[in-house]
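Everything on this sheet refers to the single structure shown next.
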Amino acid sequence: MTERLRIALESYRRNTQRACSREFAASTLDRLGLADRYAVVNSALGDVYVAWSPRGISALRQAENPETFERWFQKRLRRRAFPTAERSELAEIAARALAGEEVDFPVDLRGCTPFEAAVLWKAREIPQGHARPYAWIAREIDHPRAVRAVGSALANNPIPLLIPCHRVVRSDYTTGDYVFGAPNKRRLLEGEGLHLNEIADLARRGVRYIGQPEDNCFCLPTCGTNLIAPQHPCFHNAEEALAMGLEPCTVCRPIAA
DNA sequence: TGGGTGACGACGC
DNA sequence: AGCGTCGCCACCC
Numbered sequence: 458m459t460e461r462l463r464i465a466l467e468s469y470r471r472n473t474q475r476a477c478s479r480e481f482a483a484s485t486l487d488r489l490g491l492a493d494r495y496a497v498v499n500s501a502l503g504d505v506y507v508a509w510s511p512r513g514i515s516a517l518r519q520a521e522n523p524e525t526f527e528r529w530f531q532k533r534l535r536r537r538a539f540p541t542a543e544r545s546e547l548a549e550i551a552a553r554a555l556a557g558e559e560v561d562f563p564v565d566l567r568g569c570t571p572f573e574a575a576v577l578w579k580a581r582e583i584p585q586g587h588a589r590p591y592a593w594i595a596r597e598i599d600h601p602r603a604v605r606a607v608g609s610a611l612a613n614n615p616i617p618l619l620i621p622c623h624r625v626v627r628s629d630y631t632t633g634d635y636v637f638g639a640p641n642k643r644r645l646l647e648g649e650g651l652h653l654n655e656i657a658d659l660a661r662r663g664v665r666y667i668g669q670p671e672d673n674c675f676c677l678p679t680c681g682t683n684l685i686a687p688q689h690p691c692f693h694n695a696e697e698a699l700a701m702g703l704e705p706c707t708v709c710r711p712i713a714a
């Protein structure tokens, strides 16, 4: 630990022991590069509070008022966040992402367990206009039987919308639950072009995979928005598709490797 | 510490 | 065909 950092930490500790002002605490944490800041940003679900740390975007939540948001933030992440008027570069990127632009940005997942982080990183890989089953996440992170635990981890997603947990659905292609309510999950997915009703109907009739003969592969029915079409054969199981000489799609990886 | 608890899934009527 | 049941596993008091 550098001498400067040690002195700053001591100063912070002294000053928090006195009931120091919010602003003083915030500026001290800023000097240490530790403070999370937050601002209100518009999204598909209206205004939301977005927080970021020097490491990346750290939280997103709907809240009645700043106090509600701060209470939730402290409970969930075990540290404090402070409001700011000046938008950092990170906040601007978050705003663009929430406006629908496909931009990459760092996330700060301190406060998540390794398992939760693995689930969230995997959910980040799901592109716009796609969806994957909970069981798919479990298989991809090498915990194939931890399907319920995947649900719990997504329920705890500190950064919904920006980490697109709404793209994780049940194996029967009903939506499953969502932090902002199942109807919003459905709305978001349909907004991205997915025809979930149609796909759930097919699933009810036993359809699990869709072939794309032009690419010589077969997919999950939610691998993009254009799969449900007459020229694409339906399969009840992977064997049928493999028997036709089709390969598992390398984007949606429909079966275990 | 260990038993209770889920944004699940498969199976049985 | 939809609903109840039960197994599953990470996490939390």
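Per my numbering, numbering of the first sequence is gapless, rising by one per residue and ending at 714.
No residue lacks a Cβ here, since even glycine has one placed at the ideal position from N, Cα and C.
Straight-line gap, residue i to residue j (C-alpha atoms, nearest Å)
| i | j | result |
| --- | --- | --- |
| Ala548 | Gly557 | 14 angstroms |
| Val560 | Pro584 | 11 angstroms |
| Thr631 | Thr682 | 16 angstroms |
| Tyr506 | Val636 | 15 angstroms |
| Arg710 | Glu527 | 40 angstroms |
| Arg644 | His693 | 28 angstroms |
Expected contact under 8 angstroms - CB spacing of residue i and residue j to nearest Å
| i | j | result |
| --- | --- | --- |
| Ser628 | Ala592 | 6 angstroms |
| Leu651 | Ala588 | 6 angstroms |
| Trp509 | Arg533 | Going by Cβ atoms, the distance from Trp509 to Arg533 rounds to 15 angstroms, so no, they are not a contact pair. |
| Ala554 | Phe562 | 7 angstroms |
| Val564 | Ile514 | 5 angstroms |
CB of residue i within 8 angstroms of CB of residue j, strictly
| i | j | result |
| --- | --- | --- |
| Val498 | Ala552 | yes |
| Leu677 | Tyr666 | yes |
| Ala501 | Gly648 | yes |
| Ala580 | Arg624 | yes |
| Ala516 | Ile616 | yes |
| Leu611 | Gly668 | no |
| Ala496 | Thr541 | yes |
Buried versus exposed, by CB contacts within 10 Å (16 or more), residue i
| i | result |
| --- | --- |
| Pro705 | buried |
| Thr679 | buried |
Of the residues the options, the one placed nearest residue i, counting alpha carbons only
| i | options | result |
| --- | --- | --- |
| Pro511 | Ala501, Ser500, Leu517, Leu491 | Leu491 |
| Ala713 | Arg596, Pro615, Ala700 | Arg596 |
| Asn614 | Asp634, Pro601, Glu521 | Asp634 |
| Thr570 | Glu543, Ala606, Arg602 | Ala606 |
| Arg567 | Arg662, Ala657, Pro590, Arg536 | Arg536 |
| Asn673 | Phe572, Arg662, Ala700 | Ala700 |
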